[in-house]
Amino acid sequence: MSSANGIRYLISLLSQPACADVPHPWQIGFQTAASPIMEGIAEMHHMLLIIITCIAVLVTGLLAFVLWRFRASRNPIPSNTSHHTLLEVAWTLLPVLILVVIGIPSLKLMFFASKIEHADLTVKAIGHQWYWTYDYPEEKIHFDSLMIEDKDLKPGQLRLLEVDNAIMVPAGKTVRMIVTSEDVLHSFAVPSLGIKKDAVPGRLNETWFRIEKEGTYYGQCSELCGVKHGFMPIAVKVVSQQHYDEWLKSKKSS
Ligand SMILES: [Cu+2]
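Mapping of the sequence shown onto numbering that gives the first Met the number 0: position 22 corresponds to residue 21, and the numbering continues sequentially without gaps.
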């Protein structure tokens, strides 16, 4: 990272509202969960981490025990046992049980994320090569959202993530998100909201989110869609109801 970029990165960290997380260089973990779906995904991830750690410890322990217990010096005449019915049943049923324990909350979460019955507003995202168009069907608003080029970035703005026209939504309101495309496959993905929906031409995919804290949440197209796939970011701006109403008014009059 050059010093200019480093300073820009530091400014961007300081200028971000504390609640809205952004990706950081060398990041391994998730961004802070900002929606009920992402909270569910983080919870599921933690549960899986506990299960896989237990399995890894058990298998490594068993392996170490077998290496020690059945070493050549202790077993000059090796055992020729080839079957053990109880063991066969146990190592078939135990993984099935583990998969069921993982599968049930996983399916519940999938259904939870796929649809919302009562939404306060609807936003439709339409993928294009290489930008997003947003439609507010109830408000009859329609606008394009293009990435801000490196040369036009202001101090504090994030490279490859900032757009000229962000999605604007009020805090605490349930938003139904409809995703589609007008050319090739794209994918509407915002990590801190736990959303990744394919944008498929001729098809409407649905998901939803509700963000309590004001701030800007960033995402990117996540389906390889052509040469400028990496240059069609997504920005969701969460503002107060009053600010949102003012924005609606200004959009309608423009
Ligand atoms: Cu893409």
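Virtual Cβ for every residue (Gly too), placed ideally from N, Cα, C. Please read these numbers as outputs of a predicted model, since none were measured by experiment.
Check: residue i C-beta below 6 angstroms from any heavy atom of ligand 2
i	result
E181	Inclusion of ligand 2 in the displayed structure is not the case, the ligand content consisting of ligand 1 alone.
Spatial neighbours of residue i in its chain, beta-carbon cut-off 6 angstroms, leaving aside the 5 residues before and after
i	result
V178	A124, F187, K196, A198, N204
P200	S180
Y8	For Y8, the predicted structure reports a pLDDT of 47, less than 50, and the residue's modelled location is therefore unreliable. The matter cannot be settled from this model.
Ligand 1 heavy atom lying under 6 angstroms from the CB of residue i
i	result
E222	yes
H127	no
H228	yes
H185	yes
Same chain, Cβ closer than 8 angstroms to residue i, five either side skipped, listed in chain order
i	result
Y243	M167, V168, P169
H117	T173
Secondary structure of residue i, DSSP reduced to three states
i	result
C53	helix
P75	coil
L66	helix
L159	coil
H45	helix
D197	strand
T206	strand
S108	Reading off the sequence, residue 108 comes out as Leu, not Ser. Helix at L108.
I97	helix
G60	helix
P35	helix
Separation of residue j from residue i, as counted between CA atoms
i	j	result
T91	T84	11 angstroms
L62	A71	15 angstroms
E148	L159	8 angstroms
E222	V95	33 angstroms
K114	Y130	25 angstroms
K227	V21	21 angstroms
I27	G39	19 angstroms
Q128	L157	21 angstroms
D182	V237	29 angstroms
L145	V100	43 angstroms
Close-in-space but distant-in-sequence residues of the same chain around residue i (CB under 7 angstroms, 5 per side omitted)
i	result
F208	S34, I36, V174, M176, L192, I194
Just checking, does the segment 130 to 142 make contact with the segment 228 to 248 on the three C-beta pairs under 8 angstroms criterion? yes
Does the structure place the segment 109 to 118 close enough to the segment 44 to 54 that three or more beta carbon pairs sit under 8 angstroms? no
Indicate whether the contact test is met: 3 or more Cβ pairs, each with one atom in the segment 231 to 238 and one in the segment 214 to 221, closer than 8 angstroms. yes
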